[in-house]
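Undergrad: Handing you a structure now.
Numbering (my numbering), first residue to last: 9 to 355.
What follows is the structure in structure tokens.
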């Protein structure tokens with residue numbers, strides 16, 4: 009698809025000058041099935057990345073821990089093989105978690121202290137780990153810099169002062185252009201951002217938080233905090249790990265192994281949301297996934313949701329969500345059954 013016919017729109021990420029596509033492509037599903045059963049290999053992944061770019065997506069989100077670094081390798085190879093223009097695309101990665109020594113190692117699922125598994129100083133947001141992590145990420149991505157380095161989680165063991173100074177320094181060193189945060193408590197984000205501002209360090213421009221039609225706990229405290237600081241929200245799992253893409257009860261390969269999916273349905277109202285989502289989709293001649301994504305893109309406070317799928321046809325279906333708008337009445341109808349629930353995605 010030529011640049012002249014791309015349908016995608018682009019928005020500033022928070023109050024920064026950086027423009028991201030209204031839909032961001034997540035790449036957790038690219039790597040090796042040794043890491044998770046539903047993960048795709050490189051050949052199929054590059055087809056997805058090409059289709060996304062051709063449709064106007066310029067922003068790609070990965071993390072060092074995905075398939076223990078192999079996701080970053082694939083994103084880097086895709087950029088090279090597809091000759092994606094570095095001046096245009098936005099590459100985002102993350103730091104915090106352990107990167108296993110082999111593709112299939114699942115350190116993130118172990119309750120054991122990483123120190124006892126041979127990973128001393130390889131988790132968290134210490135100065136040492138931040139510098140080592142970005143060095144390894146750039147090697148895997150075959151890039152000179154990443155556009156946004158995000159803290160995957162909050163580090164309760166490292167002083168905020170150390171973390172924010174290190175993040176500022178990797179920006180100053182040229183390894184990173186901007187920094188972002190991911191799922192944490194609002195007070196933790198507030199403390200980190202305040203420290204950066206008060207000490208004239210690089211502030212966060214983005215928050216990758218957990219938010220969807222069926223999980224809206226972030227609206228209580230995190231969204232107002234982001235608005236206060238002019239930080240953009242780029243939600244992960246806007247389709248609730250696929251739950252919002254199909255009638256309740258239908259299962260997929262991921263659904264059988266990703267037990268987080270079951271945690272979304274905590275009240276009878278959650279099933280009602282899925283029923284209403286299916287109803288609205290049928291009335292508008294759209295898929296459930298398109299309606300759920302359109303809801304996310306139109307939600308106040310959301311800059312651009314992050315989507316990922318293991319099916320190329322499903323990816324193409326999702327991209328059509330940019331052409332769908334919901335009325336106020338449709339939004340209220342979809343939202344009305346929601347009830348507060350326990351936090352999912354961080355502790």
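All residues carry an ideal CB built from backbone N, CA and C; glycine is no exception.
Within a Cβ cutoff of 6 Å, which residues of the same chain sit near residue 53, ignoring the five residues on either side of it in sequence?
TA: 38, 82
Undergrad: Counting only runs of 4+ residues fully inside the segment 155–219, write out the alpha helix (DSSP H) ranges in chain order.
TA: 168–180, 194–206
Undergrad: Let me know the secondary structure DSSP gives residue 280 once reduced to three states.
TA: Judged by DSSP in its simplified three-state form, residue 280 adopts helix.
Undergrad: On the three-state DSSP scale, how would you describe residue 254?
TA: Residue state for residue 254 is assigned as coil, using DSSP reduced to three classes.
Undergrad: Assign residue 103 to one of three DSSP states: helix, strand, or coil.
TA: strand
Undergrad: Kindly indicate which three-state DSSP category residue 117 falls into: helix, strand or coil?
TA: helix
Undergrad: Would you call residue 129 buried or exposed, if buried means 16 or more other Cβ atoms sit within 10 Å of its Cβ?
TA: Classification for residue 129: exposed.
Undergrad: For the alpha helix (DSSP H) holding residue 61, just list the boundary residues, first then last.
TA: 50–62
Undergrad: Bridge partners for residue 240 per DSSP, in chain order?
TA: DSSP output for residue 240 lists 214 as bridge partner(s).
Undergrad: If you compare alpha carbons, which of 184, 57, 322 is closest to residue 67?
TA: 57
Undergrad: Please classify residue 355 as buried or exposed, where buried requires at least 16 other C-beta atoms within 10 Å of its C-beta.
TA: Exposed, by the Cβ-count rule.
Undergrad: Report the rounded CA-to-CA distance for residue 55 versus residue 150, giving the unit in angstroms.
TA: Spanning the two alpha carbons is a distance of roughly 19 Å.
Undergrad: What separation, rounded to the nearest whole angstrom, lies between the Cα atoms of residue 153 and residue 225?
TA: 34 Å
Undergrad: Along the chain, where does the alpha helix (DSSP H) that runs through residue 336 open and close?
TA: 336–343
Undergrad: Our contact map puts residue 29 next to residue 87 with C-beta atoms below 8 Å; I'd like the distance itself, whole angstroms only.
TA: No, residue 29 and residue 87 are not in contact; Cβ-Cβ is about 15 Å, not under 8 Å.
Undergrad: So which of 283, 63, 108, 202 has the shortest CA-CA distance to residue 16?
TA: 63
Undergrad: Answer yes or no: do residue 102 and residue 60 have a C-beta to C-beta separation smaller than 8 Å?
TA: no
Undergrad: Determine the direct distance from the alpha carbon of residue 124 to that of residue 243, and round the result to whole angstroms.
TA: 33 Å
Undergrad: Please classify residue 326 as buried or exposed, where buried requires at least 16 neighbouring CB atoms within 10 angstroms.
TA: buried
Undergrad: Can the beta-carbon of residue 194 be found less than 8 Å from the beta-carbon of residue 230?
TA: yes
Undergrad: With C-beta atoms as the reference, is residue 220 less than 8 Å away from residue 252?
TA: yes
Undergrad: What residue range is occupied by the uninterrupted alpha helix (DSSP H) comprising residue 30?
TA: Neither: residue 30 is in no alpha helix (DSSP H) and is coded neither H nor E.
Undergrad: Quickly, what does DSSP pair residue 34 with across the bridge? List them, please.
TA: 69
Undergrad: If I measure Cβ to Cβ from residue 186 and keep anything under 7 Å in the same chain, skipping five residues before and after, which residues do I get?
TA: 24, 26, 155, 156, 213
Undergrad: For the beta strand (DSSP E) holding residue 20, just list the boundary residues, first then last.
TA: 18–20
Undergrad: Less than 8 Å between the beta carbons of residue 333 and residue 293, yes or no?
TA: No; because the gap between Cβ atoms is not below 8 Å, this pair is not in contact.
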